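Converting from the sequence shown to our numbering requires adding 217 to each position, the first position being numbered 1.
C-beta: ideal position from N, C-alpha, C; glycine also.
From a predicted model like this one, the values you see are computed outputs, not experimental measurements.
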Amino acid sequence: MPHLSRRAFLKSSVIGASRAAGAGLGVRWPQAFAGPAPIELKPRPTDARIFGEIPTKNVFTYGEAPGAMPPVLRLKRGDPFSARLVNQLDEPTTIHWHGLRIANEMDGVPFLTQPNVSPGRSFDYGFTPPDAGTFWYHPHCNTLEQMGHGLAGVMVVEDPADPVFDAEIVLNLRDWRLGGNGQFIGQFKPRDAARSGTFGTVRTANWQVEPSYDAPSGGVVRLRIAVTDVTRILQLKLEGAEAEILAIDAQPLPQRVPLDLLILSPGQRADIAIRMPAEEGRGVTLTDHRPSTPATVATLRSVGPSLNHALGDVGPLAPNPQPEFDLSSATEIPLLLSATAEQAAKNSICGSLGYSFWAINKVPWPGDTADPLAPIEELKLGKSYVLTMKNVTPHAHPIHLHGMNFTVLRSTREDVPKLTSDTYLIFPDETVQLGLVADNPGDWVFHCHIIEHQKTGMTGYFRVA
């Protein structure tokens, strides 16, 4: 979960509602799915102009056109969706539908929820999204290389009840590890993987450096942001326009918050309403203030006669139903995030970098225990739990849970909003309690979304049955 500025602190808002859980335990081929004809997603290498005049070779995309970034997929809440993965890479891959609460067998984690999809083979995904909002999709095989080379796309689940905006702009934010010739360099350095992660050298929005987009003057724009980078935590500010945060990680806020400073980590998303300047030609700049020198992410430019709309002209987003959390009957699960003394090569769920630097409950994945592939905890279907997560490392960790949502109950940081999410950015020396209803059966991965941390030990899973 991102952290808002103190002025944007929100009171707790948990919307209780029941949801039908998906099916699936263990590794299996998917059951028959009665849905529409599948769209085809074909991960493949391409050349793309990312930085400078020389195209970058061996960029990975799901897009059909040469050099095109992965497409923005548009779904509707409650409508069946089907996608056929046709692997055109020279290595195995899968697709994980990040943030969606769907059946376990559709979650895209190799050897936990499905087999690897080998080169030249295909796999059919089918599900009905229960939630609306901004999500994204990416592989869960050789994750650092495949995502680092571009294989990550934004997914928008629309709600027919959503308010109408004057325009919508989607931003896929990510870095690239490129050298001066515009070609890929090593995706990670061990000394950085053991710290905050290895940062990219070129920062982009929608595969462009500081892109600019036109928007109607005096109009209200819905800006959808997804941080698909493997490392960078962003501190976002907007200059030149009024703006309010509508939703975080696909969950509408109980009340809108003025955009002051918004911290988003890898895996997180935000929906923002921007009231464009009435004067044609005026610019709005989205900047990142981490590190301290601001960097332009993207700009918007007012175009045409003013529509004279106000932020208040756009109604609220419809909430996504959540299971009812019962604190009185909840079982506490301690989760200690730490470094590990073990340095030997360890296999992760998604391959290995050859090192173990991080651990959950003092066990790097997989650990030298009686059953190194055992779940962190076995949860009873429908029962409430409190995840008490403590970070004793000197680094922040965006912790992501597949297949379910949690709600922040309390934190040792006073300014943490009590929101519902699938990702929580835990800071050094922070202890947080997350309320979870185990409402979706299956094996659900729980990991740091700084991918080097994930692949060097800070990974595990919960079994819900």
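Under the three-state DSSP convention, the category residue i falls into
| i | result |
| --- | --- |
| residue 310 | strand |
| residue 528 | helix |
| residue 680 | strand |
| residue 668 | helix |
| residue 626 | strand |
| residue 245 | Confidence is the limiting factor: at residue 245 the pLDDT is only 31, short of 50, which leaves the residue's position unreliable and the question unanswerable from this model. |
| residue 363 | helix |
| residue 427 | coil |
| residue 239 | Reliability of the predicted coordinates at residue 239 is poor, the pLDDT of 31 falling under 50, and the value obtained from them is presented with this limitation in mind. Note: residue 239 maps to coil in three-state DSSP. |
| residue 323 | helix |
| residue 545 | helix |
| residue 391 | strand |
| residue 408 | helix |
| residue 279 | coil |
| residue 271 | coil |
| residue 488 | strand |
| residue 582 | coil |
| residue 606 | strand |
Contacting residues, own chain, Cβ-Cβ under 6 Å from residue i (five flanking each side not counted)
| i | result |
| --- | --- |
| residue 342 | 300 and 323 |
| residue 668 | 360, 361 and 447 |
| residue 576 | 555, 557 and 674 |
| residue 268 | 395, 399 and 419 |
Backbone CA spacing between residue i and residue j [nearest angstrom]
| i | j | result |
| --- | --- | --- |
| residue 428 | residue 493 | 17 Å |
| residue 522 | residue 436 | 10 Å |
| residue 215 | residue 289 | Outside the shown range of the chain, which is 218 to 682, sits residue 215, and nothing can be said about it. |
| residue 604 | residue 551 | 6 Å |
| residue 464 | residue 625 | 15 Å |
| residue 430 | residue 369 | 21 Å |
| residue 486 | residue 606 | 22 Å |
| residue 238 | residue 396 | Because residue 238 sits at a pLDDT of 29, beneath the cut-off of 50, its placement in the model cannot be relied upon, and the point is left open. |
| residue 475 | residue 490 | 9 Å |
| residue 331 | residue 449 | 29 Å |
| residue 423 | residue 547 | 42 Å |
| residue 599 | residue 680 | 12 Å |
| residue 645 | residue 497 | 45 Å |
| residue 410 | residue 579 | 18 Å |
| residue 284 | residue 315 | 24 Å |
| residue 366 | residue 286 | 11 Å |
| residue 658 | residue 651 | 19 Å |
| residue 381 | residue 530 | 10 Å |
Cutoff 8 Å; reference residue i; Cβ partners in own chain excluding five residues on either side
| i | result |
| --- | --- |
| residue 526 | 383, 435, 436, 437 and 492 |
| residue 457 | 494, 499, 500, 501 and 502 |
| residue 375 | 291, 292, 293, 294 and 349 |
| residue 511 | 454, 504 and 505 |
Contact belief for residue i with residue j at Cβ below 8 Å, rounded distance in angstroms
| i | j | result |
| --- | --- | --- |
| residue 417 | residue 441 | With a Cβ gap of about 22 Å, residue 417 and residue 441 do not count as contacting. |
| residue 327 | residue 358 | 5 Å |
| residue 432 | residue 402 | Not a contact, Cβ separation roughly 36 Å. |
| residue 648 | residue 570 | Rounded, the Cβ-Cβ distance is 28 Å, inconsistent with contact. |
| residue 353 | residue 421 | With a Cβ gap of about 15 Å, residue 353 and residue 421 do not count as contacting. |
| residue 273 | residue 265 | 6 Å |
| residue 302 | residue 276 | Contact doesn't hold; Cβ gap of about 18 Å is too wide. |
| residue 609 | residue 553 | 7 Å |
| residue 483 | residue 356 | Not confirmed; about 14 Å, so no contact. |
| residue 413 | residue 612 | 5 Å |
Contact test: residue i Cβ vs the ligand GTP heavy atom, cutoff 6 Å
| i | result |
| --- | --- |
| residue 265 | For the structure depicted, the ligand GTP is absent and the ligand set is empty, with no information on it obtainable. |
Counterpart residues of residue i in DSSP-defined beta bridges
| i | result |
| --- | --- |
| residue 481 | 451 |
| residue 446 | Per DSSP, none; premise fails for residue 446. |
| residue 647 | Bridge partners of residue 647: none, in fact. |
| residue 468 | 465 |
| residue 515 | 503 |
Sequence-distant residues of its chain with Cβ nearer than 7 Å to residue i (five each side left out)
| i | result |
| --- | --- |
| residue 678 | 329, 592, 593, 660, 661, 662 and 663 |
| residue 259 | 279, 303 and 305 |
| residue 391 | 369, 421, 445 and 446 |
Any chain D beta carbon closer than 7 Å to residue i
| i | result |
| --- | --- |
| residue 404 | Absent from the structure is chain D; it holds one protein chain and no more. |
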